[in-house]
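Residue 2 is where the sequence shown starts when you use the UniProt record's numbering, and the numbers rise one by one after that.
Glycine included, every Cβ here is placed at the ideal spot set by N, Cα and C.
Quick caveat, the model's predicted, so the values are computed rather than measured.
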Amino acid sequence: SQNKQTLSFQAEVAQLLHLVTHSLYSNKEIFLRELVSNASDACDKLRFEALADNALYEDQPNLEVRVSFDKQARTLTITDNGIGLSQQEAIANLGTIAKSGTREFMNRLSGDQRANAAEQGQLIGQFGVGFYSGFIVADSITVESRRAGLQPEEGVRWTSAGTGDFEVEALTRPERGTSVILHLREDATEYLSTWKLKSIIAKYSDHISLPILMRKEEWKEGEDNKGGEMVPTSEWETVNQASALWSRSKKDITAEQYTEFYKQISHDHEAPLAWSHNRVEGATEYTQLLYIPASAPFDLWNREKKAGVKLYVKRVFIMDDAEALMPVYLRFVKGVIDSADLPLNVSRELLQESRDVRAIREGSTKRVLSMLEELARLEKEDSASAEDKAKYGKFWAEFGAVLKEGLGEDFANRERLAKLLRFASTQSDAPTVSLADYKARMKDGQDAIYYITADTLAAARNSPQLEVFRKKGIEVLLMADRVDEWALNYLTDFDGTPLQSVAKGAVDLGKLQDEAEKKAAEEAAEAFKPVLARLKEALKDRAEDVRVTTRLVDSPACLVVEGGGMSLQLARMLKQAGQ
Ligand code: ADP
Ligand code: MG
2 SQNKQTLSFQ AEVAQLLHLV THSLYSNKEI FLRELVSNAS DACDKLRFEA
52 LADNALYEDQ PNLEVRVSFD KQARTLTITD NGIGLSQQEA IANLGTIAKS
102 GTREFMNRLS GDQRANAAEQ GQLIGQFGVG FYSGFIVADS ITVESRRAGL
152 QPEEGVRWTS AGTGDFEVEA LTRPERGTSV ILHLREDATE YLSTWKLKSI
202 IAKYSDHISL PILMRKEEWK EGEDNKGGEM VPTSEWETVN QASALWSRSK
252 KDITAEQYTE FYKQISHDHE APLAWSHNRV EGATEYTQLL YIPASAPFDL
302 WNREKKAGVK LYVKRVFIMD DAEALMPVYL RFVKGVIDSA DLPLNVSREL
352 LQESRDVRAI REGSTKRVLS MLEELARLEK EDSASAEDKA KYGKFWAEFG
402 AVLKEGLGED FANRERLAKL LRFASTQSDA PTVSLADYKA RMKDGQDAIY
452 YITADTLAAA RNSPQLEVFR KKGIEVLLMA DRVDEWALNY LTDFDGTPLQ
502 SVAKGAVDLG KLQDEAEKKA AEEAAEAFKP VLARLKEALK DRAEDVRVTT
552 RLVDSPACLV VEGGGMSLQL ARMLKQAGQ
């Protein structure tokens, strides 16, 4: 028709479509999860917009998703009565990559990876490709939609064969919402089956809080009583549990369901390390379902990164990435918090000021720390499985450096955090030494926990500043994370024992030094007085002081920082940062 326009996909989309159709064959069925999840998102959006404008519900207040198929036409259709798409939205949202994660994925595919289909499949699985996954099973897709609040004539039909371009045309559509019609490929006939579709929905979409409806089937005898088949009737039935996972009782939820829910909200392909699901009662009532991921996302280091906790109020989705619900140093936590007290129209600004939110954040922080303490406990539990024992180490390797930020950020929990810290040391190459382990191994007469910071663990390990400690068999913690220096400023002692940098001031080994050593040092200081005076004079613009030390064994000299001063490492960092 006249009003039909053909538009090109954004270059990245075309590339992505090629990858999707060529490398996701091993896990085809995820397309349904993605499309049902979009339908559910669309309903969440409608519910949210309708808070301000109830008329958007029109005459259909019950939100739902319908999945149906037509064997003759070889089409599979997913319909929702959610927010719908205007023509502009269809062009913008279905023709470009809006999701930053997907864009990142495309950027990440280096030349080598582009050539390796298996790896592409893995990567795609990691990021999730959303709507475009329909092209795994369809050789063309038609989307028919009308946005809530627009006139029936303002609908849109979007069609594409998943190659370079797509078409849009105007459509009259009385019903609000969206139908995604997949024209199935020859090798995707298996999805024209109620049984198959139901089993995929049970696997991936059971926890969706909306009802997912399919047509009831009945048995129809074949001609002359030969053969027969199930055929759809005009009656619809709900095929999922249709209650939000977190609102169910713990005992009714399996580990698989928890894991599947995690994968859906996090876009992570790996199972989480741990989760915690609780209904909190008292002055502030809420339900929390929080997960610790197994691997760090690519943007973990970005402190501006969106938080991973979704906020619901009485089962109504309010917002993603509600940063007020979790401290920044726990930004790796994913999950859902459903409050019984907050108003439905709560804004981000209001969240920042709400007492309820503060209580939720404190409660959730404690819950996460408990989860971590439990993983740390399992690490040392003889009866734990090898998998469970490995969890805390895995967590620490991925997120330990982020957790350290908490020392400076969360004073109230500093002691709990200190117990969760792990370090490499002169006695352990792996970062597995806790401060308690260290204390248990301290020498008689040792009254400080010694540590050294450097750019790399190797540099720390080879520092001349360690010589005397090595000679005396005193363990020193080695630190090379960028945050160590800053974080350690906030941790002056552990369980009554001070932490001391071996690179600061005159290291006083106290009782660890015997009388003969002290005497030798004093005598040397006396004997070297003239030399020291000349060195001080020569270095007067560069060194504050020059002194004889007992800390070196093999090296003739080393640099240290005044006791109260910035460490070399911090000074170097600031210099790099141009300060
Ligand atoms: P994501 O869901 O992560 O945003 P998708 O690729 O799955 O990414 O979907 C892209 C966009 O297309 C969505 O953000 C949304 O704007 C739009 N969209 C997809 N499906 C629907 C739907 N059923 N109803 C309304 N909009 C939709
Ligand atoms: Mg999606």
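Quiz item: Does the Cβ of Gly364 lie closer than 6 Å to at least one heavy atom of the ligand ADP?
Solution: Checking every heavy atom of the ligand ADP against the Cβ of Gly364, none is found closer than 6 Å.
Quiz prompt | C-alpha gap between Gly401 and Glu516, whole angstroms | solution = Taking the straight line from one Cα to the other gives about 41 Å.
Quiz item: Excluding sequence positions up to five away, which residues of its chain have a Cβ less than 7 Å from the Cβ of Glu476?
Solution: Within the same chain, Glu476 has close Cβ partners Ser426, Thr427, Gln428, Tyr439, Arg442.
Practice problem: Compute the Euclidean distance between the alpha carbons of Ser38 and Ser206, then round it to the nearest angstrom. | Solution: When rounded, the separation of the alpha-carbon atoms in Ser38 and Ser206 is 8 Å.
Exercise. Figure out for me which residue from Glu168, Phe32, Tyr452 has the closest Cα to the Cα of Pro499.
Key: Ranked by Cα distance from Pro499, the options Glu168, Phe32, Tyr452 are led by Tyr452.
Quiz prompt | Span of the alpha helix (DSSP H) around Gln152 | solution = In the DSSP annotation of this structure, Gln152 is not part of any alpha helix (DSSP H), being labelled neither H nor E.
Quiz prompt | Distance cut 5 Å, beta-carbon to the ligand MG heavy atom: residue list by chain order | solution = That query returns the following residues: Asn39, Gly131.
Quiz item: Assuming Ala245 contacts Arg316 under a Cβ cut-off of 8 Å, what Cβ separation, rounded to an integer in Å, is found between them?
Solution: With a Cβ gap of about 5 Å, Ala245 and Arg316 count as contacting.
Quiz item: Straight-line CA distance for Ala162 to His19?
Solution: Cα to Cα, Ala162 sits roughly 11 Å from His19.
Quiz item: Hey, Phe136 and Thr22 are a contact pair by Cβ (cut 8 Å); roughly how many whole angstroms apart?
Solution: In this structure, Phe136 and Thr22 form a Cβ contact; the two beta carbons are roughly 5 Å apart against a cut-off of 8 Å.
Practice problem: Compute the minimum distance between the beta carbon of Leu86 and the heavy atoms of the ligand ADP, and state whether it is under 6 Å. | Solution: Relative to the ligand ADP, the beta carbon of Leu86 is positioned inside 6 Å of a heavy atom.
Exercise. Could you please give the first and the last residue of the uninterrupted alpha helix (DSSP H) stretch that includes Leu376?
Key: Note, Leu376: alpha helix (DSSP H), 356-380.
Exercise. Pull up the CB-CB distance for Val547 and Lys537, whole angstroms please, since I reckon it's below 8 Å.
Key: Between Val547 and Lys537 a beta carbon distance of about 5 Å is seen, short of the 8 Å cut, so the two are scored as contacting.
Quiz prompt | Under the three-state DSSP convention, the category Gly336 falls into | solution = Note: Gly336 maps to strand in three-state DSSP.
Self-check item: Contacting residues, own chain, Cβ-Cβ under 7 Å from Trp247 (five flanking each side not counted)
Solution: Taking Trp247 as the centre and dropping the five residues before and after it, the same chain places the C-beta of His278, Thr288, Leu290, Val337, Asp339 closer than 7 Å to its C-beta, in chain order.
Quiz item: When we look at the beta-carbon of Leu560 and count the other beta-carbons within 10 Å, is it buried (16 or more) or exposed?
Solution: Counting Cβ neighbours within 10 Å, Leu560 comes out exposed, since fewer than 16 surround it.
Quiz item: Can you tell me the Cα-Cα spacing of Gln89 and Ala51, whole angstroms?
Solution: If I take the Cα positions, the gap works out to 21 Å.
Quiz item: When DSSP labels each residue in this structure, what does Thr190 get in the three-state scheme?
Solution: In this structure, Thr190 counts as helix in the three-state DSSP scheme.
Practice problem: Report back the beta-carbon spacing between Arg158 and Glu176 to the nearest angstrom; my notes put them in contact at under 8 Å. | Solution: With 8 Å as the limit, Arg158 and Glu176 do not qualify as a contact, their Cβ atoms being about 14 Å apart.
Quiz prompt | Asn279, enclosing beta strand (DSSP E) - first and last residue | solution = Per DSSP, Asn279 belongs to the beta strand (DSSP E) from 275-281.
Quiz item: Helix, strand or coil: how does DSSP classify Pro175 here?
Solution: Correct three-state label for Pro175: coil.
Quiz item: What residue from Asn63, Leu479, Gly409 has the CA that sits closest to Trp487's CA?
Solution: Considering only Asn63, Leu479, Gly409, the residue with the shortest C-alpha distance to Trp487 is Gly409.
Quiz item: Alpha carbon to alpha carbon, what distance is there between Pro465 and Ala522?
Solution: Take the alpha-carbon of Ala522 and the one of Pro465: they are about 18 Å apart.
Quiz item: How is the beta strand (DSSP E) around Pro499 delimited, first residue to last?
Solution: Where Pro499 is concerned, the enclosing beta strand (DSSP E) starts and stops at 498-502.
Quiz prompt | Cutoff 8 Å; reference Asn490; Cβ partners in own chain excluding five residues on either side | solution = Leaving aside the five residues that flank Asn490 on each side, the residues in its chain whose CB is nearer than 8 Å to its CB run, in chain order, Gly409.
Practice problem: For Leu33, collect the residues of the same chain with a Cβ closer than 6 Å to its Cβ; drop the 5 residues on either side in sequence, then sort them by chain order. | Solution: The answer, listed in chain order, is Ile201.
Practice problem: With a 10 Å radius around its C-beta and 16 neighbouring C-beta atoms as the bar for buried, classify Gly309 as buried or exposed. | Solution: When all chains shown are included, Gly309 counts as buried.
Self-check item: Whether Glu406 touches Tyr292 by CB criterion (7 Å)
Solution: Between Glu406 and Tyr292, the C-beta gap is not smaller than 7 Å, which leaves the two residues out of contact.
Practice problem: Rank Leu214, Lys520, Leu185, Thr366 by C-alpha distance to the C-alpha of Thr80 and give the top, closest one. | Solution: The option with the nearest alpha carbon to Thr80 is Leu214.
Quiz item: Taking Cβ positions, are Leu185 and Val138 nearer each other than 7 Å?
Solution: Against a cut-off of 7 Å, the Cβ pair of Val138 and Leu185 comes out as a contact.
Quiz item: For Phe10, does the three-state DSSP call read helix, strand or coil?
Solution: Here Phe10 sits in coil by DSSP.
Quiz item: Between the C-alpha atoms of Tyr313 and Ser250, what's the straight-line distance to the nearest angstrom?
Solution: If I take the Cα positions, the gap works out to 17 Å.
Self-check item: Asn94: CB within 6 Å of a non-hydrogen atom of the ligand ADP
Solution: Yes, the ligand ADP has a heavy atom inside 6 Å of this Cβ.
Self-check item: Rounded straight-line distance, which links the Cα of Glu324 to that of Arg349
Solution: Roughly 9 Å separates the two Cα atoms.
Practice problem: Would you mind sorting Val532 into buried or exposed? The rule is 16 or more other CB atoms within 10 Å of its CB. | Solution: Flag for Val532 reads exposed.
Quiz item: Where does Asn4 land, buried or exposed, given buried means 16+ other C-beta within 10 angstroms?
Solution: Looking at its Cβ environment, which holds fewer than 16 other Cβ atoms inside 10 Å, Asn4 is exposed.
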